[in-house]
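Novice: Quick one: this structure, given as structure tokens, is what I'll be asking you about.
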Amino acid sequence: MTQPATPPGNIFSLISYPAEDGDMAAFLSPSPRDNTKKYPAVIWLTGGYGGIGNDDFFWSEQPVDNDQSASAFRRDGLVLMIPSFRGENINPGRYEMFYGELRDIESARQYLAKLPYVDPNRIYLAGHSTGGMRALLASEYTKGFRAVFSLGGIPDLRLRLEYGSGPVAVPFDQNDPREFELRSPRTFLSSIKSPTFYFEGENSYWEEFDEVKKIASDKGIPLHIYSIKNGDHFNIIRPVSNIIAEKILNDTDEKVNIEFNKNDFLKLQYHLSLLNE
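Structure follows, in structure tokens:
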């Protein structure tokens with residue numbers, strides 16, 4: 375159990391938001407200077423395990439080919455929140471691995487929605503790896519996000535654990551198949567109502583997402599799956615996040631107008647080619 379580090383005040387504040395088990399720690403970007411307007415907000419779900427850490431990771435410069443710090447969303451006109459959840463850091467509650475923390479994600483959204491400078495109808499969810507899987511599950515659990523973006527999430531928790539053990543103990547009975555079903559995005563695809571976008575580099579892409587893509591297409595589920603040419607699990611994060619941030623800032627219609635077109639993927643290929651030189 376670790377206390378999050380105190381961030382530089384011009385980048386983040388260390389705040390707590392109320393949730394089912396008690397107050398949870400989070401980093402929140404400063405309130406905009408012009409408080410006469412309401413701004414879009416992004417909740418970033420970090421990858422890995424252990425919450426938001428106890429160091430300066432989220433405000434330190436990260437390598438361009440593996441930037442998990444959400445730096446792409448630290449820009450004018452956009453509010454950024456990076457939360458931790460039950461059983462993480464020094465938070466109350468028990469770590470449940472892709473289950474109870476979905477309710478904490480919804481609590482974080484409700485906290486943002488009440489801030490006077492946040493537009494409650496323009497709160498977005500994004501995450502990478504572990505956070506990307508949480509983003510997919512949260513898209514199935516709550517309809518409150520305007521759009522959801524998963525970078526490198528996985529379709530099925532059992533597949534992930536069969537691939538290799540993780541750095542934390544599994545907190546449920548692995549002999550009970552229902553425990554895996556409840557924690558796997560492809561179980562609840564029909565529950566997705568907000569536009570949801572999945573990205574993974576082709577070198578790390580789970581082929582099970584081809585089946586997910588077909589189900590979404592056949593049933594009219596607003597889930598869009600993209601395998602990124604020349605990409606891997608990490609080098610796509612910054613260029614994809616930059617495009618997502620631009621899409622969010624331009625998403626000002628009454629209904630969501632976000633889509634990813636050929637030009638977006640050409641831009642991605644250009645940035646990835648620079649990394650591979």
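Heads up: the sequence shown begins at 375 in the working numbering, then just goes up one per residue. Backbone N, C-alpha and C define an ideal beta-carbon position, used for all residues, glycine too.
1) For Ile595, name the three-state secondary structure that DSSP assigns.
2) Let me confirm a value: Asp429 is counted as buried when at least 16 other C-beta atoms fall within 10 Å, else exposed. Which label applies?
3) So what does Met398 bridge to, in DSSP terms?
4) What's the C-alpha gap between Ser390 and Met471?
5) With a threshold of 8 Å, are at least 3 pairs of Cβ atoms found where one atom belongs to the segment 536 to 550 and the other to the segment 577 to 595?
6) Would you report the Cα separation of Leu597 and Phe523, rounded to the nearest angstrom?
7) Quick check on the DSSP output: what are the complete beta strand (DSSP E) runs of length 3 or more inside the segment 446 to 492, in order along the chain?
8) Where does Gly451 land, buried or exposed, given buried means 16+ other C-beta within 10 angstroms?
9) May I ask you to list the residues that DSSP assigns as paired with His645?
10) Using beta-carbon positions only, say whether Ser564 and Pro529 come within less than 8 Å of one another.
11) For Ser503, which residues of its own chain have a beta-carbon under 6 Å away from its beta-carbon, when the five flanking residues on both sides are left out?
12) Output the distance between the C-alpha atoms of Met398 and Ile464, rounded to the nearest integer angstrom.
13) Can you grab the Cα-Cα spacing for the pair Val492 / Phe639, in whole Å?
14) Which residues in the same chain have their Cβ closer than 6 Å to the Cβ of Arg532, if we skip the five residues on either side of it in sequence?
15) Taking the beta carbon of Gln377 as the centre, do at least 16 other beta carbons fall within 10 Å, making it buried, or is it exposed?
16) Between the Cα of Phe401 and those of Trp433, Gly424, Asn549, Pro466, spot the shortest distance and give me the residue it belongs to.
17) Comparing alpha-carbon positions, which option in Arg483, Pro382, Leu646 lies nearest Met455?
18) Give the range of the alpha helix (DSSP H) segment to which Glu514 is assigned.
Specialist: According to the structure shown:
1) Reading the sequence shown from its first residue, position 221 is the one you call residue 595. Looking at Ile595 - three-state DSSP - the assignment turns out to be coil, as it is neither helix nor strand.
2) On the sequence shown, position 55 is the one that residue 429 refers to. Looking at its Cβ environment, which holds fewer than 16 other Cβ atoms inside 10 Å, Asp429 is exposed.
3) What you label residue 398 is simply residue 24 of the sequence shown in a count that begins at 1. Note: Met398 sits in a beta bridge opposite Tyr391.
4) Taking the first residue of the sequence shown as position 1, residue 390 is located at position 16. Taking the first residue of the sequence shown as position 1, residue 471 is located at position 97. Ser390 and Met471: Cα-Cα distance of roughly 21 Å.
5) no
6) For this step, residue 597 is matched to residue 223 along the sequence shown. For this step, residue 523 is matched to residue 149 along the sequence shown. Whole-angstrom Cα-Cα distance: 10 Å.
7) 453 to 457
8) Position 77 of the sequence shown, counted from the first residue, corresponds to residue 451. Exposed is the call here.
9) In the sequence shown, the residue the question calls residue 645 occupies position 271. Beta-bridge pairing links His645 to no other residue.
10) Your numbering for residue 564 matches position 190 in the sequence shown. Your numbering for residue 529 matches position 155 in the sequence shown. No. Outside cutoff.
11) As a working note, residue 503 is residue 129 in the sequence shown. Counting only Cβ-Cβ distances below 6 Å, and skipping sequence neighbours, we find Gly421, Gly526.
12) Stepping through the sequence shown from its first residue, residue 398 is reached at position 24. Stepping through the sequence shown from its first residue, residue 464 is reached at position 90. Near 8 Å, if we compare the C-alpha coordinates of Ile464 and Met398.
13) Here residue 492 refers to the residue found at position 118 of the sequence shown. Here residue 639 refers to the residue found at position 265 of the sequence shown. For Val492 and Phe639, the distance between alpha carbons rounds to 30 Å.
14) To locate residue 532, count along the sequence shown from 1; it is residue 158. Excluding sequence neighbours, Arg532 sits near Phe554.
15) Working through the sequence shown from its first residue, we reach residue 377 at position 3. With fewer than 16 other Cβ atoms within 10 Å, it is exposed.
16) Residue mapping note: residue 401 aligns to position 27 of the sequence shown, counting from 1. Among Trp433, Gly424, Asn549, Pro466, the Cα nearest to that of Phe401 is on Trp433.
17) Within the sequence shown, residue 455 is the residue found at index 81, counting from 1. If we check each option's Cα against that of Met455, Arg483 comes out closest.
18) As a position in the sequence shown, residue 514 is number 140, starting the count at 1. 504 to 515 is the span of the alpha helix (DSSP H), which, as asked, contains Glu514.
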